[in-house]
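Just so you know, we're using my numbering here: the sequence shown kicks off at 1 and counts up by one.
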Amino acid sequence: MAMRWKNTLKESEATPESAYLNRRQLMAGAAGMGLIGLPGIARAETLDPHPWEDITEYNNYYEFGTRKEDPAKNAHMLTTAQWSVKIDGLVERPGNYAFEDIMAKMTVEDRLYRFRCVEAWSMVIPWNGFELRDLLELAGVQSAAKYVAFETALRSDEMPGVAYPVLDWPYVEGLRLDEAVHPLTIMATGIYGKDIPNQNGAPLRLVIPWKYGFKSIKSVVRISLTDREPPTSWNKANAHEYGFYSNVNPEVDHRRWSQASERVIGGGLFSAKQPTQMFNGYGEEVASLYKGMDLAVHY
Ligand SMILES: Nc1nc2c(c(=O)[nH]1)N[C@H]1C(S)=C(S)[C@@H](COP(=O)(O)O)O[C@H]1N2
Ligand SMILES: [Mo]
Numbered sequence: 001m002a003m004r005w006k007n008t009l010k011e012s013e014a015t016p017e018s019a020y021l022n023r024r025q026l027m028a029g030a031a032g033m034g035l036i037g038l039p040g041i042a043r044a045e046t047l048d049p050h051p052w053e054d055i056t057e058y059n060n061y062y063e064f065g066t067r068k069e070d071p072a073k074n075a076h077m078l079t080t081a082q083w084s085v086k087i088d089g090l091v092e093r094p095g096n097y098a099f100e101d102i103m104a105k106m107t108v109e110d111r112l113y114r115f116r117c118v119e120a121w122s123m124v125i126p127w128n129g130f131e132l133r134d135l136l137e138l139a140g141v142q143s144a145a146k147y148v149a150f151e152t153a154l155r156s157d158e159m160p161g162v163a164y165p166v167l168d169w170p171y172v173e174g175l176r177l178d179e180a181v182h183p184l185t186i187m188a189t190g191i192y193g194k195d196i197p198n199q200n201g202a203p204l205r206l207v208i209p210w211k212y213g214f215k216s217i218k219s220v221v222r223i224s225l226t227d228r229e230p231p232t233s234w235n236k237a238n239a240h241e242y243g244f245y246s247n248v249n250p251e252v253d254h255r256r257w258s259q260a261s262e263r264v265i266g267g268g269l270f271s272a273k274q275p276t277q278m279f280n281g282y283g284e285e286v287a288s289l290y291k292g293m294d295l296a297v298h299y
């Protein structure tokens, strides 16, 4: 890739929360920095981030319960101190990477992304995070690696939801290597410039903006490079409804509901509906990854 993809301001020029809420101010800042021509910046023009409350009080994090309000109530139980990520499999430098050591080496950026859940709702979230490819580079990916597997912490004493066999715990996810090293794919560590709340997947969670939300696995403790497509939690739970790819696609419906439109979270009773975009609006950047693939087969 010729140019490092950035869609918002650098951390050193971090925009305060109030400025995020003022689109004109945000755009004025971007114009001042001469970034308007970049694809992501142009997109920022039409994106209004959701309020902090929507992002942190309406969550899916089944380890803390299956109701949308459960994670905000229960996730405080999760201990995030002394966090480390085990990176293993087909890498040059396997080991336990302490969260602090990772953060010391990574470049944290602001990324304002659309977020589309497979349940047909959406939000716009101002993440802070680093590109996953930089972390993978730290561990050194071997040439035989083709996929990346991810695992969430499993702590029965801190996670009341894992007492119920809703999913086969721990929560696991996976990406093809080219998806994992795509510059849009980040490990998020913050929202609105604050540390990411536990209910959103502290201290670090994956975000792949062109895929359904369940691919964005929370509170990651292990990343394994493999040569085979790894198992994923929702696919194991119901393979007919949830595939490995799970790219946002308005033309391929869920078995039980349409994916053509989405409910925009917020606005109470009058919560708006909007048409869902192919690859959640990121087709320009990612469609080439799926050239020649039948996306109705590889859903
Ligand atoms: N470990 C884990 N990760 C998870 C989930 C989960 O239940 N457990 N839910 C997924 C789903 S379905 C969605 S929509 C997003 C929600 O992220 P948010 O709460 O930050 O909006 O997290 C995803 N990551
Ligand atoms: Mo979801």
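Where a beta carbon is used, it is the ideal one built from N, C-alpha and C, also for glycine.
Q) Does DSSP put L204 in a helix, in a strand, or in coil? A) For the purposes of this step, residue 204 is identified with residue 204 of the sequence shown, where counting begins at 1. DSSP places L204 in coil when its eight states are reduced to three.
(Q) With a threshold of 7 Å (Cβ to nearest heavy atom), would Y62 be considered close to ligand 2? (A) Mapped onto the sequence shown, residue 62 falls at position 62. The answer is no for Y62.
Q | S143, DSSP secondary structure in three states | A | One-based indexing of the sequence shown puts residue 143 at position 143. Looking at S143 - three-state DSSP - the assignment turns out to be coil, as it is neither helix nor strand.
(Q) Which complete alpha helix (DSSP H) runs does the stretch 114–176 hold, if anything under 4 residues is left out? (A) Secondary structure within the stretch 114–176: the alpha helix (DSSP H) runs of 4 or more consecutive residues, fully enclosed, are 132–139 (chain order).
**Q.** Status (buried if at least 16 other CB within 10 Å, exposed otherwise) for Y290
**A.** Numbered from its first residue, the sequence shown carries residue 290 at position 290. Answer is buried; the Cβ neighbour count reaches 16.
Q.
Starting from A98, trace the beta strand (DSSP E) in both directions and tell me its first and last residue.
A. Walking along the sequence shown from the start, residue 98 turns up at place 98. It spans 95–98 - the beta strand (DSSP E) in which A98 sits, taken as one unbroken run.
Q | Residues of its chain near N59, where Cβ-Cβ distance is below 7 Å and the 5 sequence neighbours each way are ignored | A | Along the sequence shown, read from residue 1 onward, the residue named residue 59 stands at position 59. K68, P71, A72, Q199, N200, listed in sequence order.
**Q.** Same chain, Cβ closer than 7 Å to A287, five either side skipped, listed in chain order
**A.** Here residue 287 refers to the residue found at position 287 of the sequence shown. Taken in chain order, the residues that qualify are F279.
Q. Quick one: what's M373 bridged to in DSSP?
A. Lying before the first or after the last residue shown, residue 373 is absent from the chain, which here runs from 1 to 299.
Q.
On the DSSP bridge list, what partners appear for T107?
A. Here residue 107 refers to the residue found at position 107 of the sequence shown. None, per the DSSP bridge assignment.
Q) Would you call M187 buried or exposed, if buried means 16 or more other Cβ atoms sit within 10 Å of its Cβ? A) Residue numbering aside, residue 187 sits at position 187 when the sequence shown is read from its first letter. So M187 counts as buried.
Q.
Considering only heavy atoms of ligand 2, does any lie closer than 7 Å to the CB of G65?
A. Position 65 of the sequence shown, counted from the start, is the residue given in the question as residue 65. Result no, Cβ not under 7 Å from ligand 2.
(Q) Could you pull the DSSP bridge partners for E262 from this structure? (A) In the sequence shown, residue 262 corresponds to position 262, counting from 1. Q274.
Q | Which listed residue (G268, V264, L177) has its alpha carbon closest to that of T276 | A | Residue numbering aside, residue 276 sits at position 276 when the sequence shown is read from its first letter. When only C-alpha atoms are compared, the closest one is V264.
Q. Among D253, W127, A180, I87, which residue has its Cα nearest to the Cα of T341?
A. Given a span of 1 to 299 for the chain in the structure shown, any question on residue 341 remains unanswerable.
Q) Can you check whether the CB of V207 is closer than 8 Å to the CB of R116? A) As a working mapping, residue 116 is identified with position 116 in the sequence shown. As a working mapping, residue 207 is identified with position 207 in the sequence shown. It is not a contact, given that the beta carbons lie outside the stated cut-off.
Q | G89 versus L225 - alpha carbon distance | A | As a working note, residue 89 is residue 89 in the sequence shown. As a working note, residue 225 is residue 225 in the sequence shown. Their Cα atoms are separated by approximately 5 Å.
Q | Residues that DSSP places opposite V85 in a beta bridge | A | In the sequence shown, counting from the first residue as 1, residue 85 sits at position 85. Per DSSP, the beta bridge partners of V85 are Y97.
Q: Ignore the nearest five residues each way along the sequence and tell me which others in D133's own chain have a CB closer than 8 Å to its CB.
A: Here residue 133 corresponds to residue number 133 of the sequence shown, with the count starting at 1. Correcting the residue type first, residue 133 is Arg in the shown sequence and not Asp. Same-chain partners within the cutoff: A180, V181, H182, P183, T185.
Q.
Classify L78: buried if its beta carbon has 16 or more other beta carbons within 10 angstroms, exposed otherwise.
A. Along the sequence shown, one-based indexing puts residue 78 at 78. Result: buried.
**Q.** Exposure of Q259, with buried meaning 16 or more beta-carbon neighbours within 10 Å
**A.** Residue mapping note: residue 259 aligns to position 259 of the sequence shown, counting from 1. With 16 or more other Cβ atoms within 10 Å, it is buried.
Q: Quickly, what does DSSP pair D195 with across the bridge? List them, please.
A: Position 195 of the sequence shown, counted from the first residue, corresponds to residue 195. Answer by DSSP bridge pairing, in chain order: G190.
Q: Rounded to whole angstroms, what's the CA-CA distance from E241 to K86? Just pull it up for me.
A: Position 241 of the sequence shown holds residue 241. Position 86 of the sequence shown holds residue 86. Approximately 30 Å, taken between the alpha carbons.
Q) Using the C-alpha atoms, what's the distance from N235 back to Y310? A) For the chain, the structure presents residues 1 to 299; residue 310 sits outside this window and is missing.
Q. Hey, quick one: how far does the alpha helix (DSSP H) through S224 stretch, first residue to last?
A. Counting from 1 along the sequence shown, the entry for residue 224 is found at position 224. Bounds of any alpha helix (DSSP H) do not take in S224; it lies within the beta strand (DSSP E) bounded by 220–226.
Q: Would you check if the distance between the CB atom of V124 and the CB atom of P230 is smaller than 8 Å?
A: As a working note, residue 124 is residue 124 in the sequence shown. As a working note, residue 230 is residue 230 in the sequence shown. No, they are not a contact pair.
Q: State yes or no: is the C-beta of T80 within less than 8 Å of the C-beta of P203?
A: Here the question's residue 80 lines up with position 80 in the sequence shown. Here the question's residue 203 lines up with position 203 in the sequence shown. Cβ distance < 8 Å, so T80 and P203 count as in contact.
Q: Starting from S233, follow the alpha helix (DSSP H) in both directions and report where the run begins and ends.
A: Along the sequence shown, read from residue 1 onward, the residue named residue 233 stands at position 233. For S233, the enclosing alpha helix (DSSP H) starts and ends at 233–237.
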